[in-house]
Amino acid sequence: MSLIRQIAKRTLTALLPRDAIVARVTSEGIALTFDDGPHPEFTPRLLDSLNTAGTTATFFVVGERAARHREILQRIADDGHEIGNHTWSHSEPRETSARKLIDEVRRTRDLIEDVTNRECHLFRPPKGELTLRKLLALRREQQTIVLWNQDTKDYRMPEASDEIVPWCRGYQPASGDIVLMHDNHPHAITAVEFLNNERSDVLSRCQSVSQLLNLSSGDRTASPKIRRTLCTGS
Ligand SMILES: [Zn+2]
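Residue numbers (my numbering): 1 to 234.
The structure is reproduced here in structure tokens:
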């Protein structure tokens, strides 16, 4: 590989996660998103909390975990939430070729569509990391890439802590926010319960990602565009 190509590749890899990719936002809403599940204990409890709060969310599931817990995947759909694709194995982005990524996306998409009988066109890359080659391949797969701009960093919190509460208390919602949490940790449950008790101003604005991005059934390949700087997470 030429020096110029090496530099260009390194630059794109460094820039894309931070300068990526959320389709156009046309509503006042915000979206709560939960990654890395389904988890056999935490995801059902989170679904209970979301039901109590009367709130819609979006779950970016890992295919191999969803395959072990198909009944939970089905319940996420039955409860009225949106499901997105977060690869099959959550493999390390820098050790995953574009071809392997697409194989994982297809395998996970097929599982989601088989279990829920719904098409799945939302994709979130592990750690929010993409290269140009992967980005173009995902476009060919008609995937809408969804990152986030509000990172609770719940994946760094000790399991027994309630560090998520100060985040929820201090959160100032802005139109189009996409909030990152993880349903393979317990903190998302605490967050939803706190928001339900203390922050009706937040929950009343929550929508699915497709609602937020105004993606209709005929508009699943909407051109992604840069909306704001996004941070990386797990
Ligand atoms: Zn993840």
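Note that CB positions come from ideal geometry on N, CA and C, so glycine has one too.
Nothing here was measured: the structure is a model prediction, and the numbers come from that model.
Around the Cβ of residue i, are there at least 16 other Cβ atoms within 10 angstroms (buried) or fewer (exposed)?
i: residue 203; result: buried
i: residue 143; result: buried
i: residue 160; result: exposed
i: residue 193; result: buried
i: residue 63; result: buried
i: residue 215; result: buried
i: residue 40; result: exposed
i: residue 170; result: exposed
Considering only the beta carbon of each residue, do residue i and residue j sit closer than 7 Å?
i: residue 86; j: residue 35; result: yes
i: residue 126; j: residue 90; result: yes
i: residue 149; j: residue 112; result: no
i: residue 205; j: residue 173; result: yes
i: residue 70; j: residue 115; result: yes
i: residue 182; j: residue 164; result: no
i: residue 101; j: residue 134; result: yes
Since residue i and residue j are thought to touch, with beta carbons under 8 Å apart, how far apart are those beta carbons, to the nearest angstrom?
i: residue 237; j: residue 189; result: Nothing can be reported for residue 237, as the shown portion of the chain is limited to 1 through 234.
i: residue 42; j: residue 184; result: 6 Å
i: residue 84; j: residue 124; result: 6 Å
i: residue 61; j: residue 146; result: Their Cβ separation, rounded to whole angstroms, is 13 Å, which puts residue 61 and residue 146 out of contact at 8 Å.
Tell me whether residue i, by its Cβ, gets closer than 6 Å to a heavy atom of ligand 1.
i: residue 166; result: no
i: residue 35; result: yes
i: residue 126; result: yes
Under 7 Å, Cβ to Cβ, is there at least one residue of chain D near residue i?
i: residue 78; result: In the displayed structure, chain D is absent; only one protein chain is listed.
* May I ask you to verify whether the region 70-81 touches the region 47-54, counting CB pairs closer than 8 Å and requiring at least 3? => yes
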